[in-house]
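Here the structure is laid out as structure tokens; the discussion comes afterwards.
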Amino acid sequence: MKDYIWKRVVEVSTYIARTRSTVREAAKVFGVSKSTVHKDVTERLPKIDSQLAAKVQQVLETNKAERHLRGGEATRLKYLQEQRGQVQEQAHSEPPVGA
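Residue numbers (the working numbering): 17 to 115.
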């Protein structure tokens, strides 16, 4: 394994373990694809540091168990924002009282 890959694997894994972030969040922070992050932490990391791999695996399992909740929350917020936008549009389109 090349040095830069080894270094990235350790940095990404440490970040995920420390912040409990998702694979997508870590990918954005490190400027790589989520596929790369996933391969780093599931295939490459166990060969480098088994203890860190166990910590990261626990975070990934927690995130996987919670993903349906995150998705539901994102959808709820989306519809709330759309609803607020419609209310504001109606308020701006109604003529003033007494006009």
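Where a beta carbon is used, it is the ideal one built from N, C-alpha and C, also for glycine.
Model, not experiment: these values are computed from the prediction.
*Please confirm if the region 51-67 is in contact with the region 83-92, defined as three or more CB-CB distances below 8 Å between the two stretches.*
no
*Which of helix, strand or coil DSSP assigns to residue 65*: In the sequence shown, residue 65 corresponds to position 49, counting from 1. Residue 65 falls in the coil class under three-state DSSP.
*What separation, rounded to the nearest whole angstrom, lies between the Cα atoms of residue 8 and residue 99?*
Beyond the ends of the chain as shown, which are 17 and 115, falls residue 8; an answer cannot be given.
*Starting from the Cα of residue 48, find the closest Cα among 77, 24, 101 and 102 and give me that residue.*
For this step, residue 48 is matched to residue 32 along the sequence shown. It is 24.
*For residue 72, which option in 31, 22 and 21 has the closest C-alpha, if you only look at C-alpha atoms?*
By one-based count along the sequence shown, residue 72 stands at place 56. That would be 31, whose Cα lies nearest to the Cα of residue 72.
*Short Cβ contact (7 Å threshold) for residue 28 with residue 42*: Counted from its first residue, the sequence shown places residue 28 at position 12. Counted from its first residue, the sequence shown places residue 42 at position 26. A contact, by the Cβ cut-off of 7 Å.
*Using 10 angstroms around the beta-carbon of residue 38, count the other beta-carbons present and answer buried if the total reaches 16, otherwise exposed.*
On the sequence shown, position 22 is the one that residue 38 refers to. Label assigned to residue 38: buried.
_CB of residue 36 within 7 Å of CB of residue 75, strictly_ = For the purposes of this step, residue 36 is taken as the residue at position 20 of the sequence shown. For the purposes of this step, residue 75 is taken as the residue at position 59 of the sequence shown. Yes, the pair counts as a contact, with Cβ atoms nearer than the cut-off.
_Given a cut-off of 7 Å on the beta-carbon distance, is the pair residue 50 and residue 40 in contact?_
The count along the sequence shown starts at 1 and reaches residue 50 at position 34. The count along the sequence shown starts at 1 and reaches residue 40 at position 24. The answer is yes: Cβ separation under 7 Å.
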